[in-house]
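The next block holds one structure in the form of structure tokens; read it before the comments.
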Amino acid sequence: MSKITLEKTLELSSLFYLYKNMLTEKQIEYFELYFEEDLSFQEIADQLGISKAAAHDAINKIIKSLNDLEDKLQLNHKKILINELLEKNKNSKNEEVLNLIKKIEEVI
51 MSKITLEKTL ELSSLFYLYK NMLTEKQIEY FELYFEEDLS FQEIADQLGI
101 SKAAAHDAIN KIIKSLNDLE DKLQLNHKKI LINELLEKNK NSKNEEVLNL
151 IKKIEEVI
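Note that the sequence shown ends on residue 158 in the working numbering; no numbers are left out.
Now the structure itself:
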């Protein structure tokens, strides 16, 4: 796997927090070791008693799972659109709109 860019890492982190509950405990552990603790495949392999190839395959499968979930559910995309709409309307003079924005921001 080629080095993942910062932009892609941020996107995957966002997907991870949206879909974390749909991953297994092992997948969560692998993701956190690789993306949050910045361990190499070899370091993950050593820590978990697996091969470097197994660590590499696990990370690739997790990335694919997260991307597949986003392709199907589009939660991250919808979240981005909602945030953009809220931001555009924050300067509204309409008190009802401002109250609605406040309520929505509390929920998301």
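Every residue gets a Cβ at the ideal spot worked out from N, C-alpha and C, and that includes glycine. Here the structure is a predicted model, which means the values were calculated and not measured.
{"Item": "Residue 75 at chain B interface by Cβ criterion, 8 Å", "Value": "Checking the listed chains, one finds no chain B in this structure; it contains a single protein chain."}
{"Item": "Supposed contact pair residue 56 and residue 120 - C-beta distance, whole angstroms, cut 8 Å", "Value": "About 19 Å separates the two Cβ atoms, so there is no contact after all."}
{"Item": "Assumed close pair residue 81, residue 112 - CB separation to whole angstroms, cut-off 8 Å", "Value": "5 Å"}
{"Item": "Unbroken stretches of the alpha helix (DSSP H), 4 residues or longer, contained in the stretch 122 to 157", "Value": "125 to 139 and 145 to 157"}
{"Item": "Residue burial classification, residue 62 (beta-carbon count within 10 angstroms, cutoff 16)", "Value": "buried"}
{"Item": "Short Cβ contact (8 Å threshold) for residue 114 with residue 158", "Value": "no"}
{"Item": "Residue range of the alpha helix (DSSP H) that includes residue 94", "Value": "91 to 98"}
{"Item": "As assigned by DSSP and simplified to three states, the class of residue 53", "Value": "coil"}
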